[in-house]
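A quick write-up on the structure given underneath.
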Amino acid sequence: MNLLRELWRSVAEFLRTFGAMALFFVDLLRYSPSTLFKRFNLVVYQVFNAGALSIVIIMVCGLFVGGVLGLQAFANLERFNAEEATGILAGFALVKEIGPVITALLFAGRAGTALASEIGLMKATDQLSAMEMMAVNPMHRVLVPRFLGGIISMPLLTAVFTMVGLLGAHLVAVEMQGVDVGAYWQQLQQTMDLDDVYEGITKSIVFGVVASLLAVWEGYNAVPTAEGVGRATTRTVVGTAIAVLILDFMITAYLL
Amino acid sequence: MGPSGSGKTTLLRLITRQLDPDRGRVLVDGVDIATLNQSELYQLRRRFGMLFQNGALLTDMNVFENVAFPLREHTGLGDRLIRLVVLSKLHSVGLRGAADLMPSELSGGMARRVALARAIVMDPDILIYDEPFVGLDPISMGVVVRLVRRMNDTLGISSIVVSHDIKEIAAVADRSHLISDGRVVASGSPEDLNKDSSEMVRQFMHGIADGPVAFHYDAPDYEEQLLGRDNE
């Protein structure tokens, strides 16, 4: 009986959190248009903050992930004398799956934690209350710009990651393993449709929304202590990783 | 005034509706603030200036921008006018020279003075201080005490100061209320309170260790607990 009650309580707790987050999400969306128009420079600053500052790790990771894909694709396709298809395999993997997913995971680690801890600390040091008292809604001034900045950054970062990844695969396959450069790119070009690219873009937008929402939510609801802010950043990364991987499966299953 | 945990800060948060009351009404200037919607509440809050305990300066902008923040948010003033207003407010707290510093470069007392400049930049009617004297060295303390009094007199505003520093309150307050356990237990000028004979007031005003606010936190009987009999 006790076990059941415990179970019920955690289910209820989960639903309550989920509902609160949904309301929070609606609030963010509701304020988004006005923020975008009236506080455009804040949004731009956050795109810089979340996006531009993440570019280096995105590019480094993209290069090596692309390279490893090139290696694996080549080594395995060679067995079927199909090494010309290296470009296809690496390209599809990057554009449809690995690009959006790894970018989202890196984003959670680099930008998501920064957002969550920044907002959490602003709360812990009364900065959000101070804004409230100055009749400035923190929603407009703090939360929505960061949320939008994350959403705008994610597809851009994904594009950068994918491009650098393709370059990495090219370097490995063409320059190191000697695949014909014409075959590498032409096969990729012939096989890939715009729909495949759209799939990647769709995913990156969805992941952008989820990662930004979770970061802002965790920061805003952090317990305003050092420990609480630390826990909020951890939850941001873990939550985003789980959500992104589950959603990736669902989107893929739906679109295929 | 009141001992820690007596409800002082809660009262401030109720007055400014950072908290909603469970029961009863909060009247500010004759208006029940629970009935206000968000934009009306924000209108009302513009008439407040509030000084938070640690200053609560926005850490991503410098001192000048912090003080300019309410002006930029609420007025259409041009940059030159904002500069004039901000510099004059900073001058009045003695920190015109610190305009370019970031909040992290300020000492505790300076941060509080900047926050004070920010609180008065919109020319509020009511200025609220949450524990303005906590954790300051004697010099900063003297500066802040003088500023609190001077702001009140020169700007012609009402000030509400929450504190447990009796000496400092005596220096700035016209009227003081002693709160304990969420209730006002005594009111009057600081001298009146000093002379008050009720046990609670005497304990607080004279810093007596034991009394209505007990020295011991609620615990089972000492001997019983040591002998391990309290579980039986």
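Just so you know, the sequences run in chain order X and F. Going by our numbering, the first residue of the first sequence is number 229, and it counts up by one from there. Going by our numbering, the first residue of the second sequence is number 188, and it counts up by one from there. Cβ coordinates follow ideal geometry from the N, Cα and C atoms, glycine included.
Cβ-heavy atom distance, residue i to the ligand COA, below 7 Å
i	result
Val407/X	Absent from the structure shown: the ligand COA. Ligands present: none.
Chain F contact for residue i (CB, 8 Å cutoff)
i	result
Val364/X	yes
Met361/X	yes
Ala358/X	yes
Thr353/X	yes
Straight-line gap, residue i to residue j (C-alpha atoms, nearest Å)
i	j	result
Arg234/F	Ile313/F	6 Å
Ala243/F	Ala358/X	6 Å
Asp247/F	Leu303/F	18 Å
Pro290/F	Leu282/F	12 Å
Thr419/X	Leu385/X	24 Å
Leu345/X	Ala332/X	In the sequence as displayed, the identity of residue 345/X is Ser instead of Leu. When rounded, the distance between both Cα atoms is 18 Å.
Ala401/X	Leu258/F	59 Å
Leu288/X	Gly396/X	Checking the sequence, you will find Val at residue 288/X rather than Leu. Rounded to whole angstroms, Val288/X to Gly396/X spans 10 Å at the Cα level.
Val451/X	Val457/X	7 Å
Ser260/X	Phe292/X	36 Å
Leu245/F	Val400/F	37 Å
Leu343/X	Ala278/X	8 Å
Ser346/F	Leu231/X	55 Å
Ile344/F	Ala250/X	43 Å
Gly263/F	Thr390/X	45 Å
Leu365/F	Ala373/F	5 Å
Gln205/F	Leu414/F	48 Å
Gln300/X	Val275/X	35 Å
Asp219/F	Val213/F	6 Å
Asp383/F	Ile353/F	14 Å
Met350/X	Val392/X	36 Å
Ala363/X	Pro208/F	20 Å
Gln390/F	Ser294/F	33 Å
Ser406/F	Gly192/F	Looking at the sequence itself, residue 406/F is Ala, so the reference to Ser does not match. Whole-angstrom Cα-Cα distance: 19 Å.
Thr453/X	Asn241/F	14 Å
Ile395/F	Glu386/F	10 Å
Asp354/X	Trp413/X	55 Å
Leu223/F	Asn381/F	39 Å
Arg307/X	Gln405/X	14 Å
Beta carbon proximity, residue i to chain X, threshold 8 Å
i	result
Phe402/F	no
Phe235/F	yes
Thr196/F	no
Thr222/F	no
Tyr229/F	yes
Arg232/F	yes
Thr421/F	Lying before the first or after the last residue shown, residue 421/F is absent from chain F, which here runs from 188 to 419.
Gln390/F	no
Gln205/F	yes
Same chain, Cβ closer than 8 Å to residue i, five either side skipped, listed in chain order
i	result
Leu238/F	Arg299, Ala302, Leu303, Ala306, Leu314, Ile315, Tyr316, Asp317, Pro319
Leu256/X	Met367, Leu371, Val372, Phe375, Leu441, Val444
Thr263/X	Leu270, Val271, His368, Val372, Pro373, Leu376
Ile356/F	Met188, Val348, Ser350, Ser363, Pro377
Leu277/F	Val250, Phe251, Val254, Arg283, Ala285, Ala286, Val301, Ala304
Leu243/X	none
Ile433/X	Ile379, Met382, Pro383
Val280/F	Arg300, Val301, Leu303, Ala304, Leu334
Ile360/X	Checking the sequence shown, residue 360/X turns out to be Glu, not Ile. Pro366, listed in sequence order.
Cβ shell of residue i (< 6 Å), same chain only, five flanking positions each side left out
i	result
Leu473/X	none
Gly348/X	Gly447, Ala450, Val457, Ala460
Ser327/F	Gly296
Residues near residue i in its chain [Cβ-Cβ closer than 7 Å; skip 5 each side]
i	result
Val359/F	Val332, Val335, Arg336, Val348
Asn339/F	Ser346
Thr341/X	Thr461, Thr464, Val465
Leu338/X	It is Arg, not Leu, that sits at residue 338/X in the sequence shown. Hits under 7 Å: Ser282, Ile285.
Check each residue of the region 237–269 of chain F: if its Cβ is closer than 8 Å to any Cβ of chain X, include it; give the result in chain order. Met237, Phe239, Gln240, Asn241, Ala243, Leu244, Leu245, Thr246, Phe256, Pro257, Glu260, His261
In the region 456–484 of chain X, which residues sit with their C-beta less than 8 Å from some C-beta in chain F, listed in chain order? none
Hey, is the region 275–291 of chain X in contact with the region 367–387 of chain X, meaning 3+ C-beta pairs nearer than 8 Å? yes
Taking 8 Å as the threshold, find out whether the region 367–379 of chain F comes into contact with the region 193–201 of chain F through three or more Cβ pairs. yes
May I ask you to verify whether the region 311–327 of chain X touches the region 419–439 of chain X, counting CB pairs closer than 8 Å and requiring at least 3? Pairwise C-beta distances place the region 311–327 of chain X in contact with the region 419–439 of chain X, as three or more of them are shorter than 8 Å.
Decide yes or no for the touch test of the region 431–438 of chain X against the region 464–472 of chain X: beta carbon pairs closer than 8 Å, at least 3 of them. yes
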